[in-house]
Amino acid sequence: MKQLALIGLLLLLAGCDALPRDPADTSKRIESSRRFSVGLVDPDLRTDARLSALIRNIEQRTGARAEWRPGSGEALLTQLKAGELDLALGRLSRESPWTSEVALGPPLETSGSREEPIELKAAMRNGENRWIMTVERASRAISAEARAQ
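If you read the sequence shown in my numbering, its first letter stands for residue 342, the second for the next number, and so on.
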């Protein structure tokens, strides 16, 4: 009986490797192609140190290289929602209509007023939970580094 329980536990643990899941297989595609696409919602952020650190961290975590895509603003967020882009980086308000359309990572920086903060953060396609988790972990690591300095 103990052996059956142990076998059952091992089978359950083996199945957990697939969690969380990406219904559109974003993480698997990035792993196999060793590339992920990135766009800047605000092109003026191209030289932002926190975003550069975030991209480096994601590259280290995935073993993939960022491929920068041209464009900005709504066009990139529309591509992200459609699955044509893996990551969009920019400053968004908490009231942005995109907050319900895409998954947003933790803020790397907050500016503006307390009543209307603007947050520098990463946006990912909704539902791609493994990819979202990877980017969120990288974002938290970068935020922690910035607080420690």
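Beta carbons are placed, not taken as given, at the ideal position from N, Cα and C, and that holds for glycine.
So, using beta-carbon positions, are Gly380 and Leu428 closer together than 9 Å? Their beta carbons are under 9 Å apart, which means Gly380 touches Leu428 by this criterion.
Delimiting residues of the beta strand (DSSP E) encompassing Ser397: Here residue 397 is Arg; the residue named in the question, Ser, does not match the sequence. Per DSSP, Arg397 belongs to no beta strand (DSSP E); it is in the alpha helix (DSSP H), Ala390 to Thr403.
What whole-angstrom Cβ distance do Pro447 and Ser480 have, given they're in contact under 8 Å? 5 Å between Cβ atoms; contact.
Among residues of its own chain, excluding the 5 on either side of Pro492, which ones have a beta-carbon nearer than 6 Å to its beta-carbon? Coverage of the chain is limited to positions 342 through 490, which leaves residue 492 absent and any answer about it impossible.
Report the rounded CA-to-CA distance for Leu421 versus Trp472, giving the unit in angstroms. 13 Å
Close-in-space but distant-in-sequence residues of the same chain around Ser368 (CB under 6 Å, 5 per side omitted): Arg471 and Trp472
Is DSSP giving Glu477 helix, strand or coil here? helix
Quick one: complete beta strand (DSSP E) runs, 3+ long, within the region 432 to 457? At a cut-off of 3 residues, the continuous stretches assigned as beta strand (DSSP E) that sit fully inside the region 432 to 457 are 443 to 445 and 450 to 453.
Glu408 - containing beta strand (DSSP E), residue span: Arg406 to Arg410
Keeping to the same chain, check which residues put their C-beta closer than 8 Å to that of Arg410; ignore five residues upstream and five downstream. Ser378, Val379, Gly380, Leu417, Gln420 and Leu426
Could you pull out every residue in the same chain whose Cβ sits closer than 8 Å to the Cβ of Gly404, ignoring the five residues on either side in sequence? The residues are Glu372 and Arg375.
Identity of the residue in Arg478, Arg435, Ala464 and Leu449 nearest Asp389 by Cα: That would be Leu449, whose Cα lies nearest to the Cα of Asp389.
Just to confirm, are Ser441 and Glu460 a CB contact at a threshold of 9 Å? no
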